[in-house]
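Undergrad: Here's a structure for you.
Below, the structure written as structure tokens:
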């Protein structure tokens, strides 16, 4: 299995990711509102850290690392990890015609 | 962020269904996600065919799944199987060039894209991709180990990246979505969020954007140097060194200029300028080697007061300006490497400096270099077709370098407070004297800097058909040589401010002012032509034209007897002949007469109206023309002694060009005629929404009155926020205030409109009563207030 990028120490406490992940993993199939709440929590934690002057490299890394974990949790909650020859990777968006780098991830308000 | 779901050979329908549910779920929780489901074979086929796909896969990040699957993907897209590092680098270089061209355009100058604009995050990614392809690692720190970057350059790169990331993070916070464009909507708020605050002469947003522009400029330079290094290491690694000596300090290697040893700049500091002169003198050289660029940057500190006082350095700088080729290129290069700012410390203050408006598209340093480029174009015969008159005049200029110096200094004092023309003039003069120029030349450069706005303001704000205005301008200029220099500097300056600003109308305004001033100077300032002489000349010329078209003299004078002197002073012979013939041919019952000429010597489409005079006419006509989507740039309204009006409106399409469609001409004629048949009808308000960018500027409305020296008129200056339908709105207010408009000059600079009206009471007396002026000013200010743009003005009872 690929190695996950670490969560920066400077922001670990504010993110409290372990508790978030526990909540996410409590449901299978995944529970929509729990994920929405987690995304909001991450967004708020990062914005507060930004306002407090946290290094932007840590913010960027924290955002990518939390997104990685959230995707994996959802993947596993749908039992996709049991498929032997199936993998998930983050890439640019050429096939969708929307090029993007791997350093940012936008949210939209959930319907 | 996008994801790829990768599978080895095939997936079952059940898995496919679960994958669909997975992606739907991600969208459902609010993630903006692009996705694809591809087999290993799909990936390798697509990547081999398309460099963008290959790059995306190259930088893909495995999240979960079997390691064997990802290592197989890595192997399939490895440089041994496709896109070896040479092919990859060449393709990425082309890709970057195309992207820079696209995002270097005007629109992106005001609202740059953090990611795609030159010097943006994509440039750093580009370095990362090439590093990964060539060295197998995407860590940019590797470049230090391989000697491509120094430790200091690496830190500059990381600092630049961190700044852009920080801005991008804040931008996403403000916009609540993935937004990479630094739109006006966010620039002010971003500046505050990032801790900038307004200072005396520098807005927070200007300081923030200056830091942005300086950061991307530094990143562009690092990108250029690294790509040059890569090019030497990847594309040219198997070519012979092919060293050609140039002098003791410099040599050419593989067509690129380099220093002969690392101590060159330390031992002989003037070589920091000589390097640019050599590039001009050897046009076969393709550029400077990356290692030498690094040495130039590392030795910028040698450019101190002692360096600036060194006669050799001063001579070299002037030599660069006097070269027949490469002046602009080398000044740009000097700016990029920080040499220009080091040699001219006050230039450092304008590097990356932006002005928060829609008018100045470029930062002040870029604008300065664009002005010099425009001046150089006059010198270069391959550009003769652009502005032939300017090219001809340029050839009569005895010392072009004086023009370049004036260009270099004309805006150097911007942002310091005070009058930048005055401050810059003094600095320019001192610089010239220090560089061995004669006192006369130094004074000329100083005068050009001081007066660099004079011709533009006179042509665009004043009635240049008035001989007194021309006389006043000619007196300020003094002689033909100064006129020639000033004319060229003015054209180059306007064209270098905003590519959309220059059009055939402005060209004709400046050209006409140049011609009439030149005539005035030739006659001598103490021998100005009198009115009768001017009227006689224009009538004689018009009669010749009319006779050739079958209109005899008696008929002409019968028509002209109804016109006053002002008419003949404000129209050319060609226009008078056109009007006279039309009036001669029209039957009384066919009035109002509406004539349209698509393109004229005034660089615009000309609309001529001849009808019974009526107070609503200006408002009616301007409203109709606005409804047709036309920009009015000039209006002349003449009332005849028999109570008719001769109105000329000069208009442009909203793209700044005269009308080129005959059907459009017919449409204008039809609509105007229809409206003029009902002159008592109060014109309706044109309602159009204000464009997004205009909404972010707070331009206060200022209304000023001034007496006009002649003609019993009053000059009304209105500065306000530009918006669709502005002139029509002003016209309606003036009509409601029972004000008659005789002449209007419309100038728009970005978000600001500066319109000048020559007005009177309905009985042709000037508006000199302060109470009446205050009332008109208050009505105009109220109607033009921000926020009232989409509201109709109140009916007035005066």
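Chains as they are written, first to last, in this note's numbering: chain A, 30 to 140; chain B, 235 to 1032.
Where a beta carbon is used, it is the ideal one built from N, C-alpha and C, also for glycine.
1) Find the residues of chain A that neighbour residue 365/B, judging by a C-beta separation of less than 7 Å, and give them in chain order.
2) Residue 573/B to residue 669/B, Cα distance in whole Å?
3) Any chance you could list the alpha helix (DSSP H) runs of at least 4 consecutive residues sitting entirely within the stretch 603 to 632 of chain B, in chain order?
4) Under 8 Å by Cβ, that's how I've got residue 620/B and residue 611/B pegged, so tell me the actual separation to the nearest angstrom.
5) Output the residue ranges of the alpha helix (DSSP H) runs that lie fully inside the stretch 881 to 921 of chain B and measure 4 residues or longer, sorted by chain position.
6) List the residues of chain B that residue 112/A touches, going by C-beta distances under 7 Å, in chain order.
7) May I ask you to list, following chain order, the residues of the stretch 66 to 80 of chain A that have a beta carbon less than 7 Å from some beta carbon of chain B?
8) Does residue 54/A get closer than 8 Å to chain B when you measure Cβ to Cβ?
9) In chain order, what residues of the same chain have a beta carbon less than 7 Å from the beta carbon of residue 576/B, not counting five sequence neighbours either side?
10) When we look at the beta-carbon of residue 133/A and count the other beta-carbons within 10 Å, is it buried (16 or more) or exposed?
11) Buried or exposed: where does residue 420/B fall if 16 or more other Cβ atoms within 10 Å of its Cβ makes it buried?
12) Beta carbon of residue 865/B, beta carbon of residue 835/B: below 8 Å?
13) Under 8 Å Cβ to Cβ from residue 1029/B, same chain only, skipping five residues before and after it: list those, please.
14) Thinking C-alpha only, which one of 303/B, 893/B, 847/B, 850/B is nearest residue 830/B?
15) Any idea what DSSP makes of residue 377/B, helix, strand or coil?
16) Closest by CA to residue 55/A, which one among 115/A, 106/A, 110/A, 117/A?
17) Can you tell me whether DSSP reads residue 870/B as helix, strand or coil?
18) Should residue 257/B be flagged as near chain A, meaning a C-beta pair shorter than 8 Å?
19) Cutting at 8 Å between CB atoms, please list the residues of its own chain near residue 483/B, excluding the five before and the five after it.
20) How many Å lie between residue 903/B and residue 773/B at the Cα?
21) Less than 8 Å between the C-beta atoms of residue 939/B and residue 950/B, yes or no?
22) Return the chain-ordered list of same chain residues with a C-beta closer than 7 Å to the C-beta of residue 544/B, the five sequence neighbours on each side being excluded.
23) How about residue 452/B: is its C-beta nearer than 8 Å to some C-beta of chain A?
24) With distances taken between CB atoms, is the gap from residue 813/B to residue 842/B smaller than 8 Å?
25) Scan the stretch 302 to 313 of chain B for residues whose Cβ lies nearer than 7 Å to a Cβ of chain A and list them as they occur along the chain.
26) Leaving out five residues before and five after residue 63/A in sequence, what residues of the same chain have Cβ atoms less than 8 Å from its Cβ?
27) Apart from the five residues on each side of it in sequence, which residues of its chain come closer than 6 Å, Cβ to Cβ, to residue 352/B?
28) Considering only the beta carbon of each residue, do residue 220/B and residue 645/B sit closer than 8 Å?
29) Examine the ligand ADP and report whether any of its heavy atoms sits within less than 7 Å of the Cβ of residue 1011/B.
30) Cα separation between residue 240/B and residue 578/B?
31) Below 8 Å on C-beta distance, what does residue 61/A contact in chain B?
32) Kindly give me the distance between the Cβ atoms of residue 723/B and residue 777/B, rounded to whole angstroms, as I take these residues to be in contact under 8 Å.
33) From this set, 99/A, 44/A, 90/A, 110/A, which residue's C-alpha is nearest residue 249/B's C-alpha?
34) Does residue 95/A come within less than 8 Å of chain B when only Cβ atoms are used?
35) Does the distance from the CB of residue 1013/B to the CB of residue 980/B come in under 8 Å?
TA: Taking the coordinates as given:
1) Per Cβ cutoff of 7 Å: no residues; residue 365/B is ~15 Å from chain A at best.
2) 17 Å
3) 622 to 629
4) 7 Å
5) Note on the stretch 881 to 921 of chain B: whole alpha helix (DSSP H) runs with a minimum of 4 residues are 896 to 910, in chain order.
6) 249
7) 68, 76, 79
8) no
9) 534, 537
10) Below a pLDDT of 50, predicted positions are generally treated as unreliable, and residue 133/A, at 35, falls in that range; the measurement from the model is reported next regardless. Buried: at least 16 other Cβ atoms inside 10 Å.
11) buried
12) No, these two residues do not count as a Cβ contact at 8 Å.
13) Annotation note: pLDDT 40 at residue 1029/B (below 50); position unreliable, coordinate value reported separately. Answer for residue 1029/B: 970, listed in chain order.
14) 893/B
15) helix
16) 106/A
17) strand
18) It does not; no Cβ of chain A falls within 8 Å.
19) Cβ within range, chain order: 493, 494, 498, 502, 505, 508.
20) 28 Å
21) yes
22) 504
23) no
24) yes
25) 303, 304
26) 52, 53, 55, 56
27) 334, 338, 454
28) This structure does not reach residue 220/B, given that chain B is present from 235 up to 1032, and the question cannot be answered.
29) Within the structure as shown, the ligand ADP is missing, as the structure has no ligands at all.
30) 57 Å
31) 259, 262, 263
32) Between residue 777/B and residue 723/B the Cβ distance is about 39 Å, and since that is not below 8 Å, they are no contact.
33) 110/A is the residue among 99/A, 44/A, 90/A, 110/A whose C-alpha sits nearest the C-alpha of residue 249/B.
34) no
35) no
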